[in-house]
Amino acid sequence: MLSILGLGYSLAKTELNNEFLHKEVGIALGPDWVKTRLGINKRFTILTKDYIKDTKNADPRAAIALARSQGQTPVTLGAQAARQALEHAGVKPEQIGLVIANNDTPFETIPSTANLVAKALGIGSGPHFDANTSCSSFARHMQLLCEMEPNLPEYVLAVQTSAYTTRADYTARCMDGYIWGDGAAAQVLSAKRSGRLKVTPVDFGTKPDGADDVIIDTAGHFHQKGAAVKEFALQKTCELFQAAAQRYGLDLKTAYTISHQNNFIMQNKIIANLGLSEDRHLRNVQDQGNTAAAGVPSVLAQNLTRLKTGDRVAYAVVGSGLAWGAGILEIL
Numbered sequence: 003m004l005s006i007l008g009l010g011y012s013l014a015k016t017e018l019n020n021e022f023l024h025k026e027v028g029i030a031l032g033p034d035w036v037k038t039r040l041g042i043n044k045r046f047t048i049l050t051k052d053y054i055k056d057t058k059n060a061d062p063r064a065a066i067a068l069a070r071s072q073g074q075t076p077v078t079l080g081a082q083a084a085r086q087a088l089e090h091a092g093v094k095p096e097q098i099g100l101v102i103a104n105n106d107t108p109f110e111t112i113p114s115t116a117n118l119v120a121k122a123l124g125i126g127s128g129p130h131f132d133a134n135t136s137c138s139s140f141a142r143h144m145q146l147l148c149e150m151e152p153n154l155p156e157y158v159l160a161v162q163t164s165a166y167t168t169r170a171d172y173t174a175r176c177m178d179g180y181i182w183g184d185g186a187a188a189q190v191l192s193a194k195r196s197g198r199l200k201v202t203p204v205d206f207g208t209k210p211d212g213a214d215d216v217i218i219d220t221a222g223h224f225h226q227k228g229a230a231v232k233e234f235a236l237q238k239t240c241e242l243f244q245a246a247a248q249r250y251g252l253d254l255k256t257a258y259t260i261s262h263q264n265n266f267i268m269q270n271k272i273i274a275n276l277g278l279s280e281d282r283h284l285r286n287v288q289d290q291g292n293t294a295a296a297g298v299p300s301v302l303a304q305n306l307t308r309l310k311t312g313d314r315v316a317y318a319v320v321g322s323g324l325a326w327g328a329g330i331l332e333i334l
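Under our numbering, read the sequence shown as residues 3 to 334, first letter to last.
Below you can see the structure in the form of structure tokens.
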């Protein structure tokens, strides 16, 4: 049985609120639009406010250079989240035998983010590798590790990280700056030691003919077919929750649920469509923006203290690829 022993998350240092992005950066759509369409109040960036205000991030290569000079990168965010997860689990870096990571916005083509995080933490040699399926990477990591369970070392570290603000367009006619926040999440797992959460993957899949619907060029801006992706994600998320409930005899109205942290208003539609308990649909997008693959596991980390033995958490996420994943976590 694969279980999670420790959880951690991290956010970038600089807060961006809606007033700043509208009045000082100059994004034409204002806070009222954000409130009714996105429901996001603030987000965090590894960039500086002056850089965003002065350049609108016209050249993402300059954003990467600035972030490096500030000492904040997807790797540093991932390492920070991992340190928290290790402390929570009571596991030392030298005990980790495998690191699996994703990174949607890498500053380096090589080496892998997993090896860079391992180096930052002082983790020794191992078959460390990246497995990136964008926003659904947490679901993919859980599925892969369950499939590898007989051959896993005693302790495994999984990391989900990104810094989308380095790829966001902050010009007046683009609203992407309201969406993205930079952050990371991490989990210490074991198939040999009992932990706090039992991991049960439910589904993972991709839709290759939607591969061009959400794109970031190597050092370019994020862009997507927003309306089409939103509609697909809404439908697929509901399907994933319903399939998980049917397969595992789960009452979604009494269970805890977490969906992809992309849009607070869209989550309200998921809650309404499935008749979910709003109090039990856990989320953080309103306070930290869309942190991509780190969204679902950071929600879990932030809400773990309210969960009790026997509680079950269903999660479902849809992202670039197009790719989706879902699973069940049981509190032990």
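Backbone N, C-alpha and C fix where the C-beta goes; we use that ideal spot for every residue, glycine too.
Chain B contact for residue i (CB, 9 Å cutoff)
i: Ala213; result: Judged by its chain identifiers, the structure shown contains no chain B, having just a single protein chain.
Outcome for residue i when other beta-carbon atoms lying within 10 angstroms are tallied against a minimum of 16
i: Lys25; result: exposed
i: Arg314; result: buried
i: Lys310; result: exposed
i: Ser127; result: exposed
i: Ser71; result: exposed
i: Gly251; result: exposed
i: Arg169; result: buried
i: Arg361; result: Summary: the structure shown does not reach residue 361, with the chain confined to residues 3 through 334, and so no result is reported for it.
i: Ile112; result: exposed
i: Ile217; result: exposed
i: Asp178; result: buried
i: Arg285; result: buried
i: Asn117; result: buried
i: Asp52; result: exposed
i: Asp184; result: buried
i: Thr202; result: buried
i: Thr220; result: exposed
i: Thr307; result: exposed
i: Asp211; result: exposed
i: Arg195; result: exposed
i: Gln86; result: buried
i: Asn265; result: buried
i: Asn59; result: buried
Cβ-Cβ separation, residue j to residue i (assumed contact under 8 Å), whole Å
i: Val93; j: Gly8; result: 7 Å
i: Asp289; j: Lys37; result: That belief does not hold up - the Cβ atoms of Asp289 and Lys37 are roughly 14 Å apart, past 8 Å.
i: Gln162; j: Phe140; result: 5 Å
i: Ala84; j: Val119; result: 6 Å
i: Glu17; j: Phe46; result: 6 Å
i: Gln244; j: Val301; result: Not confirmed; about 20 Å, so no contact.
i: Thr115; j: Pro76; result: 7 Å
i: Ala295; j: Asn104; result: 5 Å
i: Thr259; j: His283; result: 5 Å
i: Ala186; j: Ser12; result: 5 Å
i: Gln97; j: Glu156; result: 7 Å
i: Ala318; j: Ser261; result: 6 Å
Terminal residues of the alpha helix (DSSP H) in which residue i lies
i: Ala67; result: Pro62 to Gln72
i: Lys271; result: Phe266 to Leu276
i: Trp404; result: Because the chain spans 3 through 334 in this model, residue 404 falls outside it and cannot be assessed.
i: Ile260; result: First-last for Ile260: Tyr258 to Ser261, but that is the beta strand (DSSP E), not the alpha helix (DSSP H).
i: Ile54; result: Lys51 to Thr57
i: Asp34; result: Pro33 to Arg39
i: His90; result: Pro76 to Ala91
Bridge partner(s) assigned by DSSP for residue i
i: Pro203; result: Gly329
i: Trp182; result: Asn292
i: Gly10; result: Ala188
i: Phe224; result: Ile218
i: Phe46; result: Glu17
i: Val287; result: According to DSSP, which records beta bridges pairwise, Val287 is partnered with nothing at all.
i: Ser5; result: Ser192 and Lys200
At which residue ranges does the region 290–317 contain complete alpha helix (DSSP H) runs of 4 or more residues, listed in the order of the chain? Those alpha helix (DSSP H) runs which fall completely within the region 290–317 and span 4+ residues are 297–305.
Please list the segments of the beta strand (DSSP E) lying wholly inside the region 97–158, counting only runs of 3 or more residues, in order along the chain. Here the runs fully enclosed are 100–105.
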